[in-house]
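Quick mapping for you: the protein sequence lines, in order, are chains W and B.
Start counting the first sequence at 146; every next residue gets the next number (the working numbering).
Start counting the second sequence at 3; every next residue gets the next number (the working numbering).
Below: one structure, written as structure tokens.
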Amino acid sequence: MNINKQFPRALEDEAIFILREVAAQFEKPALLFSGGKDSITLVRLAQKAFFPGKIPFPLVHVDTGHNFPETISFRDELAKQLGVELIVRNVEDSIKAGKAKEETGKYASRNALQTVTLLDTIEEFKFDACIGGARRDEEKARAKERIFSVRNDFGEWDAKKQRPELFDMLNGKIEMGENVRVFPISNWTELDVWNYIKAENLAIPSIYFAHEREVFDRDGMIWSDSEFINKSQDEVPYKRIVRFRTVGDMTCTAAVSSEADNIDTIIEEILEAEISERGARIDDKRSEAAMEKRKQQGYF
Amino acid sequence: MDILRIATAGSVDDGKSTLIGRLLFETQSITKDKIEALKTASQRKGLDFVDLSLLTDGLIAEREQGITIDVAHIYFNTPTRKYIIADTPGHFEYTRNMVTGASNASVSIILIDARNGVGEQTRRHFYISSLLEIKNVVVAVNKMDLVDYDENRFNEIKSDFFELSDKVRKPNQNITFIPISSLYGENIVTQSEKMNWYEGNSLLQILEGIAPEDIDAEVLPFRFPVQQVIRPKSEEYHDFRGYAGKIASGQINKGDLVTALPSQQISKVKEILKYDLSLNSAHQTESVVITLEDDIDISRGNMLVKVGEQPELKKQIDAKICWMDTDAMKIGKTYLIQHGVNRVKAKISAINSRLEISTFEESENVDELNLNQIGVVSFKLGGFVFSDNFEANPANGAFIIIDEFNNNTVGVGFVL
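Okay, structure coming up:
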């Protein structure tokens, strides 16, 4: 089917409305920034929402220490350019403090450990709202989450106790200690994000575009070789032209074989893709309810 | 490109999730890995076919029980537009979610199981669609394969439906009937060969033919709820003062005279800004920043309207309420109501009538509204609201009710 490739502007209006509600309803919001395309989109929307004023909240990054170096330098550059405060907290420190335990074995990843550091960061800065770039089309538990998602003191999500959200009216009233996760691009799809990046001519980290990289194969997926992954002897790295469709931690994000080296070819590729975006997320493969279970424990 | 928002409703086992799965499948919106995952999950459940409903039932409890508990949002694109489906639960306990899911929809798809025909749930779904002023209702008679694609059965259901819908049907509502089989994809994307007696369009063709709603912008009054005052105080924008908001209804031009509510001060629109662009006009659903020629008193929750189109300033309102909380709404209790972005205290002064939505029984002289009940309620307000009658201007006629004891959203109101 030949589908429409324009960006629906109504999505931008909706996201800007949501961001302004966050600024108005909360004392201390923060924008969770990973350096990925969804959080880059959020930063652009925030820039537009408060113009000619500045973005009225800091960017917060929970760094697993296993991120792609390209993403980290992109993050620092963007914050500098916008003149927005950037707060970085490290999973490494949570591990050292004995609050989180490093996983072991072949699939060891710090992805789930981020929750501990995130909750500590929320407490440290007394953030009452954290804006994230999660979208409902990504995953089926996310499809059920509200735009203002209330979390208890432990950051836990209770799917059965969600507040009804009617029309565009958002209720951000909470008790001390509770916080709200806000998802302004809930109604966007992966394609919408790419069309927006194209329409707005936004810069994104280089790893989204096709490049040559040392990789190895595991479980039918292409893994980027790095010192953070426990390889077995028969997993031998080799060079391949790849790109990343989603940017997470190096231990949980698989690459795709691709020649797409600009936005237009990326969009074409997504339209023809046979694998969904989170299909390249190793962290979702753990079980059918992997995402819901992580959310219940405070994950995004 | 425009967006069409759809709400689907049906009883348990009417095949709602299967229908959505089918729409996604036929529009090539399901990727290979998701289909593989569906196959594995279906096999694990001991099914000998791919259960498309597993695609939308996202929560563990839903998959366990095989029912939809909460609203799920699903997305797909066609050559014409982007679609957003709010898949709402059919189970009666979850009526509040149905109202929630349908609140943003401009099309409602009501599913009926061809074997069971029009039931209590059908009435409820249609009632809610009408209550929310949804203009386009598509009644899909599903599982036609199980009644041998029988035309008579379809017509029987159709006349039963019109009998019940006459009482609550709105004059401007379009109701379209279609016989389908979600399981086999009959009449979903292309016309079914198994039902040659049906001369109408397929479901997707019907949806593609529905016009976007921004045509209303010219006839509706301009309503601009102010979310925030933007004052950068930077060197470059030292004296800048702009009012940020999303236009609820109507449209505005540069130079138009506007009244600020509640102060009733008048000024002229100096600029309409969308980021760094200065526009000559803007219309409903657009998020903009408006600057005025004069410094007048405006803060969050206030509203800009055009001179001569002012709504009545109300400190007392009557509204139809759908109650959504397990703690009943009680006469004399004070809540917070949020109309757009404007919050005021509201005391329940009277509950004039109550409708039991499952039976359509109406009673008077009641002192409380329980979960999923609908009633006509009078409120005494602590401050002004700037609402329109919901029927005349839905985008400025609804509010939510917040319980200040637990901060929950406990109800929704439609201003009468």
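Where is the CB? At the ideal position from N, CA and C, for every residue including glycine.
Keep in mind the model is a prediction, meaning the values are calculated, not measured.
query: Bridge partner(s) assigned by DSSP for Asn395/B; result: Looking at the DSSP assignment, Asn395/B forms no beta bridge with any residue, so it has no partner.
query: Residues near Arg431/W in its chain [Cβ-Cβ closer than 6 angstroms; skip 5 each side]; result: Confidence at Arg431/W is low in this model, with a pLDDT of 49, below 50, so its placement is unreliable and the value that follows should be read with caution. None.
query: Buried versus exposed call for Gly48/B [16 or more other C-beta atoms within 10 Å across all chains shown]; result: exposed
query: Whole runs of the beta strand (DSSP E) within the region 313-362 of chain W, excluding any shorter than 3 residues; result: 324-327
query: Leu21/B, DSSP secondary structure in three states; result: helix
query: Val392/W, DSSP secondary structure in three states; result: coil
query: Delimiting residues of the alpha helix (DSSP H) encompassing Asn235/W; result: Where Asn235/W is concerned, there is no enclosing alpha helix (DSSP H), although the beta strand (DSSP E) it sits in stretches over Leu231 to Asn235.
query: Candidates Leu209/B, Val73/B, Glu363/B and Ile111/B, of which the one nearest Lys305/W by Cα; result: Val73/B
query: Met197/B, DSSP secondary structure in three states; result: coil
query: Residues that Asp299/B contacts on chain W, provided the C-beta gap is smaller than 9 angstroms; result: Neighbours of Asp299/B on chain W: none; closest Cβ ~18 angstroms, over 9 angstroms.
query: Expected contact under 8 angstroms - CB spacing of Val205/W and Ile232/W to nearest Å; result: 5 angstroms
query: Range covered by the alpha helix (DSSP H) that runs through Asp15/B; result: Counting along the chain, Asp15/B falls outside any alpha helix (DSSP H), and DSSP gives it neither H nor E.
query: Nearest-angstrom Cβ-Cβ length linking Phe156/B and Val139/B, presumed shorter than 8 angstroms; result: With a Cβ gap of about 17 angstroms, Phe156/B and Val139/B do not count as contacting.
query: Members of the region 315-343 of chain W near chain B, C-beta cut-off 8 angstroms; result: Asn316, Lys318, Ile319, Glu320, Ser331, Asn332, Thr334, Leu336 and Asp337
query: Segment limits, alpha helix (DSSP H) that includes Leu263/W; result: Gln259 to Phe270
query: Glu157/W to Glu363/B span [Cα, whole Å]; result: 43 angstroms
query: Residues near Lys145/B by beta carbon distance below 7 angstroms, same chain, minus five either side; result: Gly17, Asp115, Ala116, Arg117 and Ser183
query: Chain B contact for Pro153/W (CB, 8 angstroms cutoff); result: yes
query: Strand pairing of Gln1/B, partner residues [DSSP]; result: Nothing about residue 1/B can be reported from this structure: the residues present for chain B run from 3 to 418 only.
query: Within 8 angstroms, strictly: CB atoms of Ala107/B and Arg171/B; result: no
query: Within-8 angstroms CB hit, Tyr277/B to chain W; result: yes
query: Contact set for Lys276/B: own chain, Cβ-Cβ below 8 angstroms, skip 5 residues either direction; result: Ala284, Glu288, Ser289, Val290 and Val291
query: As assigned by DSSP and simplified to three states, the class of Pro81/B; result: coil
query: Interface partners of Ile22/B on chain W, CB under 8 angstroms; result: Simply none; closest approach about 11 angstroms.
query: Closer than 8 angstroms to chain W by CB, Thr411/B; result: yes
query: Endpoints, the beta strand (DSSP E) within which Gln123/B is located; result: Here Gln123/B belongs to no beta strand (DSSP E); instead the alpha helix (DSSP H) covers Glu122 to Leu133.
query: Start-to-end residues for the beta strand (DSSP E) that takes in Met305/B; result: Met305 to Lys308
query: Collapsed DSSP secondary structure at Val170/B in the structure displayed; result: coil
query: For Lys332/B, the three-state DSSP class (helix, strand or coil); result: strand
query: Status (buried if at least 16 other CB within 10 Å, exposed otherwise) for Gly243/W; result: exposed
query: N-terminal and C-terminal residue of the alpha helix (DSSP H) that Glu157/W is part of; result: Arg154 to Gln170
query: For Ile112/B, the residue or residues it bridges with in DSSP; result: Ala11/B and Val141/B
query: Asp158/W: contacting residues in chain C (beta-carbon distance under 7 angstroms); result: In summary, chain C is missing from the structure at hand, where the protein chains are W and B.
query: Short-range partners of chain W found in the region 100-112 of chain B, where Cβ spacing is below 8 angstroms; result: Val101, Thr102, Ser105 and Asn106
query: Nearest candidate by alpha-carbon position, reference Arg296/W, set Arg308/W, Ala286/W and Lys376/W; result: Arg308/W
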